[in-house]
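Visitor:
Residue numbers (UniProt numbering): 1 to 256.
Structure, rendered in structure tokens:
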């Protein structure tokens, strides 16, 4: 792929051995300056794909923002920023997460000190641009991550606002699980002759990960089923997702 040596060190240090399907297909077109529409869901390695392409195109000699990533949630924006800093550690890549819920003063201080990459939510990024704290003149790459989710959360106007403040010679990469009409409308306005990449459903799971499901008919049986899994399998570490905060709290107490 012709990646920078220090970037390769960061990639191997992060634990990568073999690129996923989305990484194999999307990295080179983005590095070569093409606009890209990547239809991919979570679990495809898209966040690390974003990180390594951003680290490759950034010029670390310039302490200006050169890449901007917009995400629908604070958690995803923060995760992306952390992966960029980890993979770009040997390159001394400076990245910052511009997200709501954090101090505006901290954002201002970080941006004034100079960063190469900003990962954020549309609302906070738009605010920082309008405050003239986030200077956009050197931005050459805009990545819209989980674009369909951003539109479903009502960020359309803010995305367009951000785009209007960016340089005319801009490379755009759009990542979305689905491509509804609003997404296609956005691509026609933001992009020039984009390459479209589709990751098929049978390629969604990263190599080495196995997926199983247990059909539990009644809510009150779920905890016992979870306990049975722990009794049956050797689980050293696990992340358990629940669909409400209340369930997280009650499960924590039960496990506690």
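C-beta: ideal position from N, C-alpha, C; glycine also. Please read all numbers here as calculations on a predicted model, not as lab measurements.
1. Which residue comes first and which comes last in the alpha helix (DSSP H) that contains residue 126?
2. Am I right that residue 7 and residue 52 are in contact with their C-beta atoms under 8 Å? What's the rounded C-beta distance?
3. How is the alpha helix (DSSP H) around residue 56 delimited, first residue to last?
4. Just list the alpha helix (DSSP H) runs in the region 138-208, keeping only unbroken ones of 4 residues or longer that don't cross its boundaries, in chain order.
5. Inspect the CB distances between the region 180-187 and the region 141-159 and report whether three or more fall short of 8 Å.
6. Counting Cβ pairs, one atom from each stretch, are 3 or more of them under 8 Å apart for the region 94-103 and the region 64-82?
7. Out of 58, 48, 28, 191, which has the shortest C-alpha to C-alpha gap to residue 12?
8. What does DSSP give as the partner residue(s) for residue 70 in the beta ladder?
9. List, from N- to C-terminal side, the alpha helix (DSSP H) runs of 4 residues or more that fit wholly inside the UniProt domain "DEAD-box RNA helicase Q" (1-24).
10. Which word fits residue 17, buried or exposed, when buried means at least 16 other C-beta atoms lie within 10 angstroms of its C-beta?
11. Residue 113 to residue 171, Cα distance in whole Å?
12. Grab me the residues of residue 222's own chain with a C-beta within less than 8 Å of its C-beta, minus the 5 sequence neighbours each way, in chain order.
13. Which partner residues does residue 38 have in the DSSP bridge list?
14. Could you spell out where the beta strand (DSSP E) holding residue 98 opens and where it closes?
Guide: Result, derived from the coordinates:
1. If you number the chain shown from 1, residue 126 lands on position 126. That run of the alpha helix (DSSP H) goes 122-130.
2. Looking up residue 7 in the chain shown gives position 7. Looking up residue 52 in the chain shown gives position 52. So it is a contact: roughly 7 Å between Cβ atoms.
3. Residue 56 sits at position 56 when you count from the first residue of the chain shown. From DSSP, the alpha helix (DSSP H) with residue 56 extends over 46-57.
4. Restricted to the region 138-208, the alpha helix (DSSP H) segments that are unbroken, complete and at least 4 residues in length are 147-152, 156-164, 181-190, listed in chain order.
5. The answer is yes - the region 141-159 touches the region 180-187, with three or more Cβ pairs under 8 Å.
6. The answer is yes - the region 64-82 touches the region 94-103, with three or more Cβ pairs under 8 Å.
7. As a first step, residue 12 is located in the chain shown; it is residue number 12 there, counting from the start. Relative to the Cα of residue 12, the nearest Cα in the group 58, 48, 28, 191 belongs to 48.
8. The residue labelled residue 70 in the question sits at position 70 within the chain shown. By DSSP's assignment, residue 70 forms a beta bridge with 120, 144.
9. Here the runs fully enclosed are 5-14.
10. The residue given as residue 17 occupies position 17 in the chain shown. Exposed, by the Cβ-count rule.
11. Stepping through the chain shown from its first residue, residue 113 is reached at position 113. Stepping through the chain shown from its first residue, residue 171 is reached at position 171. Whole-angstrom Cα-Cα distance: 25 Å.
12. Sequence index remark: in the chain shown, residue 222 carries index 222 (1-based). Closer than 8 Å at Cβ, skipping near neighbours: 216.
13. For this step, residue 38 is matched to residue 38 along the chain shown. The bridge partners DSSP lists for residue 38 are 175, 197.
14. If you number the chain shown from 1, residue 98 lands on position 98. Residue 98: member of the beta strand (DSSP E) spanning 95-98, first to last residue.
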